[in-house]
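Using full-length UniProt numbering, the first residue of the sequence shown is number 1, and each one after it goes up by one.
Even for Gly, the Cβ is constructed at its ideal location relative to N, Cα and C.
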Amino acid sequence: MSTQQQIQLAKSLPPRLIRFFERFPPPALLQNTAAPALRSAGTAPTTSPTDPNAPAIESSTPELSSEAPPSSSSELPYHNPFLPRKNYTTGRWYGPAYGLRKQAELVKLAQTHGVLDLLPWTIKKPGEKEKRRIERGLQVKGTGVGEKVKGKLWERTLKGRLEMRRQAMLGMPQLIQEWKQKGHGRGWKKWPSGKAKKS
1 MSTQQQIQLA KSLPPRLIRF FERFPPPALL QNTAAPALRS AGTAPTTSPT
51 DPNAPAIESS TPELSSEAPP SSSSELPYHN PFLPRKNYTT GRWYGPAYGL
101 RKQAELVKLA QTHGVLDLLP WTIKKPGEKE KRRIERGLQV KGTGVGEKVK
151 GKLWERTLKG RLEMRRQAML GMPQLIQEWK QKGHGRGWKK WPSGKAKKS
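Right under this line is the structure:
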């Protein structure tokens with residue numbers, strides 16, 4: 001895309017998006033504006049302060065081309081306006097500059113004008129919710145997937161009690177036979193207990 005096309009595209013954007021990009025310029029724009037300044041500073045001839053007759057030393061151009069665009073938030077001169085940030089000196093958290101509703105409105109505007117890729121990362125971008133849903137998988141209550149809940153005592157011991165009850169029902173015919181042989185409770189030592197055994 002040529003520079004003239006980019007200028008025409010920028011003029012066609014609504015004022016709200018223009019204000020946003022003025023305040024938080026996209027990384028590609030930051031790289032394009034910083035590159036001419038770096039090139040002019042890098043190719044300027046510098047002489048050694050000790051020897052005035054020394055030849056000019058020019059910086060090599062591969063150093064300039066090896067610089068990556070500031071894609072991550074740590075390389076940008078501003079934080080992501082859609083995410084909360086922490087002040088590490090005071091320990092305080094500051095909320096995002098744009099709430100979820102305004103984020104969604106900006107994403108819709110950028111999507112209609114074809115500049116969605118220039119916005120910083122936000123949960124409101126299309127496809128983000130589906131991606132998180134796929135990562136988390138099908139979290140069905142009761143399976144324990146993604147659940148970190150302590151639960152009540154009866155909930156924690158329910159599985160053991162049900163297993164104990166099942167084993168008691170399976171051994172019931174043998175228990176009845178033994179009860180009848182011993183004289184209907186005379187000399188009976190092992191009364192069945194309703195408490196689950198600790199394992």
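- Counting only the Cα atoms, Arg16 lies some 12 Å from His113.
- Between Trp121 and Asn87 a beta carbon distance of about 21 Å is seen, past the 8 Å cut, so the two are scored as non-contacting.
- A buried status is given to Tyr98, since no fewer than 16 other beta-carbon atoms sit within 10 Å of its beta-carbon.
- Secondary structure note for Lys150: it is in no alpha helix (DSSP H), with a DSSP letter that is neither H nor E.
- Spatial neighbours of Pro14 in its own chain (CB-CB distance under 8 Å, excluding positions within 5 residues in sequence) are listed in chain order as Leu109 and His113.
- Rounded to the nearest angstrom, the gap between the Cα atoms of Thr89 and Arg132 is 32 Å.
- Annotation: the continuous alpha helix (DSSP H) that includes Ile176 extends over Met172 to Gln181.
- Bounds of any alpha helix (DSSP H) do not take in Thr90, whose DSSP letter is neither H nor E.
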